[in-house]
Ligand code: ADP
Ligand code: MG
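Residue numbers (UniProt numbering): 1 to 238.
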């Protein structure tokens, strides 16, 4: 089970209110996509869910437990960013196993987890390579692999594909959908690409100026956008 609730979350940086009263329910195994223009607060919201940033007010609840004061490592989630820095001197296997090494997981067990993740991500033939010998898509898969080995119940993806070219993005979308099936995990995915949102989401959350403008399935938002802002972002073309 892995559910997430945001209850009246706000975030201010100094005088600026960046997130303004966000309520949200994410169900177990749901694929939820946050969309909205640059600067609307998507990353800030993700970082608060991950515990990398504290909320100014409101509650973050995972599986019924209030998480506001729980550190990022103990929230049972893993985050994949747009700019994923792999360790250049380490092989794919060592990159993927690094967090387990820090946690002093024994070597045999580390290898088993990495192999499992590599199988899901089709990275098995590349485990001995260094990052510089990988394509962009392969590197991104390694970054996702690092998240998988931690067994998170919730995955947070913040524009993970935006550095990839269009063809590769299409391929990675399919792979992420397969990953969602294979892992039975809850996923929250940020994008500013409406095609990504329409094709991947069970539920889309449209953010605008730090507020939730509308929540619904892709078809609900497409056919019944609440206002012009949502229509402009998701709605049927005029
Ligand atoms: P998005 O990911 O949707 O592009 P962000 O969450 O990165 O938006 O940023 C939302 C707003 O918060 C922006 O106006 C940004 O400048 C501001 N912001 C983000 N992080 C900080 C910070 N650490 N200090 C001050 N302002 C910030
Ligand atoms: Mg962002």
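Glycine included, C-beta positions come from ideal geometry on N, C-alpha and C.
Next on the checklist: Give me the residue from 98, 140, 188 with the minimum Cα distance to residue 114.
Outcome noted: 98
Next on the checklist: Quick check on residue 97: does DSSP put it in helix, strand or coil?
Outcome noted: helix
Checklist entry - So, residue 7 versus residue 41, is the Cβ gap smaller than 9 Å? => result no
Item to check | Separation of residue 105 from residue 220, as counted between CA atoms | outcome: 45 Å
Checklist entry - Listed by chain order, which residues have C-beta atoms less than 5 Å from any heavy atom of the ligand ADP? => result 13, 18, 38, 39, 40, 41, 42, 43, 44
Checklist entry - Just the Cα atoms here: how many angstroms apart are residue 17 and residue 69? => result Looking at the two C-alpha atoms, the distance is approximately 21 Å.
Checklist entry - Using the rule of at least 16 other Cβ atoms within 10 Å of the residue's Cβ for burial, across every protein chain shown, is residue 234 buried or exposed? => result buried
Next on the checklist: Tell me whether the region 221-231 and the region 55-68 touch, counting them as touching only if at least three CB pairs, one residue from each stretch, are closer than 8 Å.
Outcome noted: The region 221-231 vs the region 55-68: no contact.
Checklist entry - How about residue 23: is its Cβ closer than 8 Å to a heavy atom in the ligand MG? => result no
Checklist entry - What's the C-alpha gap between residue 216 and residue 51? => result 26 Å
Checklist entry - Name the DSSP beta bridge partners of residue 205, please? => result 34, 215
Next on the checklist: On a Cα-Cα basis, can you pick out the residue from 102, 37, 3, 157 that is closest to residue 210?
Outcome noted: 37
Checklist entry - Alpha carbon to alpha carbon, how far is residue 43 from residue 129? => result Answer to the nearest angstrom: the Cα atoms are 31 Å apart.
Next on the checklist: Checking 9 Å against the spacing of the C-beta atoms, do residue 33 and residue 188 come in under that value?
Outcome noted: yes
Checklist entry - Could you give the residue range of the alpha helix (DSSP H) that holds residue 181? => result 166-183
Checklist entry - At a cut-off of 8 Å, is residue 94 close to the ligand MG when judged by its beta-carbon and the heavy atoms of the ligand? => result no
Checklist entry - Which first and last residues belong to the beta strand (DSSP E) in which residue 233 is found? => result No beta strand (DSSP E) holds residue 233; the alpha helix (DSSP H) holding it covers 228-233.
Checklist entry - Out of curiosity, what's the CA-to-CA distance linking residue 199 and residue 76? => result 27 Å
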